[in-house]
Amino acid sequence: MMSVVHDDWPSSSSTTANGFTQANGMNVFGQQPSNGTSNHRPNFTNYRVPTTSEDSWEAPTSAANNSYWNGYVNEGNNQEQYGDAAGGGRHCDPWIAAMNDLDRDNMIRGKIGLVVNQRYKIVSKISFGSYGAIYVADDLTNPLLPHVAVKFETGSDNDDVHLNYEYNVYQVVQGSVGIPSVYWYGKEFDHQIMVMDLLGPTISQTFNFCSRKFTLETILQLSEQMLARVRHLHELGFIHRDIKPENFLMGIGYNETICHLIDFGLARRFREDDDLHHIQIRKGKNLVGTARYASLNSHNGVELSRRDDLESLGYIIIEMIIGELPWREVRSRARYRTKKQSYSRIKNIKETSDWNMLCPVMAGWIRYCREMAFDGTPDYAYLFELLRNMRRVNVMGNGLNRTPFPGRFDWLHMRDSDPEKRYSYQCLFRWTLPKGVEPDVPATRHFGSFGFR
């Protein structure tokens, strides 16, 4: 492929092979070429892609006004600077325009390197869900500020307002302990984007890190915090409708012992805006939320209310106590079932499970939630008392007879007491480390051809 920049710049006017005129040692953009190398890479920081079919490039008044190219980094002082702001709309090689358009599309698809709102630069990816993907970003306005989380709406449908709705819910519920703050929302790169607090691992991830065995003290601390978050949401007039371990995240740094509730994309008000009356019960609806933790009412197509959030929370606590839910199925078997068959199987097991046998300390919780009226107000004090009763009874289940660590969550105790566990924790949840900090490699590991082992 022919290079755009050449070493043999003529001293008089001539025409290059690509058809552009060079005169008096100047390149086609009115600039002197750099000396000493033939592999100059053009820098298009000050240019934007034309909005018409013409192959002209228009220079903006300043690079700060152009978030299109803000993700690109100037690689040294020897780079060719094609064009200038005073030059106005000069013409550029169509091949260069096409290549940079491709670079832009690739960056938008990969997200890494993009600068959102001319402030937040994407540096890595955390996870993705059914409605969006989460990335870690640096705040370019102040390098001393901690990382933030950036959520991109999946797809580029302009009519999709799912993230916009979630942002509106955050505007109502944020500002209290355990609810992350949102810093910016808008549309860029054909995506709906939301910038918010960066949090740590989910309850599901910490449970797996501890080999799916929590001590009683950890279960009680988590359960009380999760119930407090759900109660706060209900007091503000919302039901979550997708309570699951993946939507409870621990904080980072000084907040690593605080449990946060996130993902309000499926949340809705349970009181009408006009008269604050409770919404009416409806039937024949589709299952809402995650089938593994959904209430029986959700399986039966009944409109959800506060009782269903609490039933879903009960299933999370049961899972932490006994290790696995009765309807959990290995993936090799589940892949042969349709979604409808899987939902039906889970529903049948929930209906027939004897909680007095499977998890006696939570039998009263499940019974209370299922007997509650659709528009009933939960007795949160009673539920907190049920949790505290675990300390006074012989609790069955895996891991509950292990030595407790009062005031410390199990995964934090493991991380801080064992160098190998600390290294594993930091590698699994690398985004929780401060800026510029790498995982602590244990002295027992040596560096080989494929890294530390």
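341 is the number that the UniProt record's numbering gives to position 341 of the sequence shown; each next residue is one higher, with no gaps. Each residue gets a CB set at the ideal place from its N, CA and C atoms; glycine is no exception.
What residues in its chain sit with their C-beta under 6 Å from that of residue i, if we drop five residues either side in the sequence?
i	result
Asn-125	The question names Asn, but residue 125 is Lys in the sequence shown. If we look at Lys-125 and ignore the five residues flanking it on each side, its Cβ neighbours are Tyr-135.
Glu-311	Ser-295, Cys-369
Asn-117	Trp-184
Lys-283	Gly-301, Val-302
Lys-111	Ile-122, Tyr-135
Thr-218	Phe-409, Asp-410
Lys-340	none
Ser-417	none
Looking at chain D, is there any beta carbon in it that lies within less than 8 Å of the beta carbon of residue i?
i	result
Phe-238	In the displayed structure, chain D is absent; only one protein chain is listed.
In angstroms, rounded to a whole number, what distance separates the CA positions of residue i and residue j?
i	j	result
Pro-439	Gln-225	29 Å
residue 458	Asn-255	A question about residue 458 goes unanswered here, because the residues of the chain that appear run from 1 up to 453.
Tyr-167	Phe-429	26 Å
Arg-328	Pro-94	56 Å
Val-161	Lys-187	11 Å
Phe-189	Asp-197	21 Å
Pro-326	Ile-281	29 Å
Glu-371	Val-437	51 Å
Trp-411	Cys-427	14 Å
Ile-258	Glu-351	34 Å
His-202	Ala-98	The residue asked about is misnamed: residue 202 is Thr in this sequence, not His. One C-alpha to the other measures close to 42 Å.
Leu-140	Phe-264	28 Å
residue 454	Asn-142	Shown here, the chain extends from 1 to 453; a query on residue 454 therefore has no answer.
Asp-379	His-232	13 Å
Ile-366	Ser-353	11 Å
Tyr-165	Arg-268	10 Å
Gly-364	Ala-381	14 Å
Thr-432	Leu-144	15 Å
Glu-355	Ile-318	In the sequence on display, residue 355 carries Trp and not Glu. Cα to Cα, Trp-355 sits roughly 10 Å from Ile-318.
Gly-253	Arg-345	41 Å
Asp-273	Glu-246	30 Å
Just to confirm before moving on: does the CB-CB distance between residue i and residue j stay below 8 Å?
i	j	result
Ser-181	Leu-387	no
Gly-314	Cys-369	yes
Leu-276	Ile-179	no
Leu-266	Asp-242	yes
Phe-209	Tyr-425	yes
Val-148	Val-195	yes
Pro-434	Pro-419	no
Ser-305	Ile-239	yes
Gln-192	Glu-153	yes
Leu-163	Gly-132	yes
Tyr-293	Lys-244	yes
Ala-291	Ser-211	no
residue 454	Phe-207	Shown here, the chain extends from 1 to 453; a query on residue 454 therefore has no answer.
Cys-359	Ile-322	yes
Leu-227	Leu-114	no
Here's the rule: buried if 16 or more other CB atoms are within 10 angstroms of the residue's CB, otherwise exposed. What is residue i?
i	result
Lys-151	buried
Phe-248	buried
Arg-415	buried
Ala-137	buried
Ile-122	buried
Val-361	buried
Arg-337	exposed
Gly-175	exposed
Gly-251	buried
Glu-385	exposed
Leu-287	buried
Tyr-120	buried
Arg-229	buried
Thr-444	exposed
Asn-401	Low local confidence applies: a pLDDT of 47 at Asn-401 is under 50, so the model's placement there is unreliable, and no value is given.
Only counting the same chain, and skipping five residues up and downstream in sequence, which positions put a Cβ closer than 8 Å to that of residue i?
i	result
Arg-391	Leu-216, Leu-220
Glu-324	Arg-212
Ile-349	Pro-326, Trp-327
Asn-389	Val-361
Lys-285	Gly-301, Val-302, Glu-303
Lys-421	Met-414, Arg-415
Can you name, in chain order, every residue of its own chain whose Cβ lies under 7 Å from the Cβ of residue i, other than the five neighbours on each side?
i	result
His-278	Phe-270, Arg-271, Asp-375
Phe-214	Phe-207, Met-320, Gly-399, Asp-410
Pro-146	Leu-198
residue 485	The structure shown does not extend to residue 485, since the chain is modelled only from 1 to 453, so the question has no answer here.
Exercise. Would the segment 164 to 175 and the segment 372 to 379 be scored as touching if the rule is three or more Cβ pairs under 8 Å?
Worked result: The segment 164 to 175, when compared against the segment 372 to 379, does not touch it at the 8 Å Cβ threshold.
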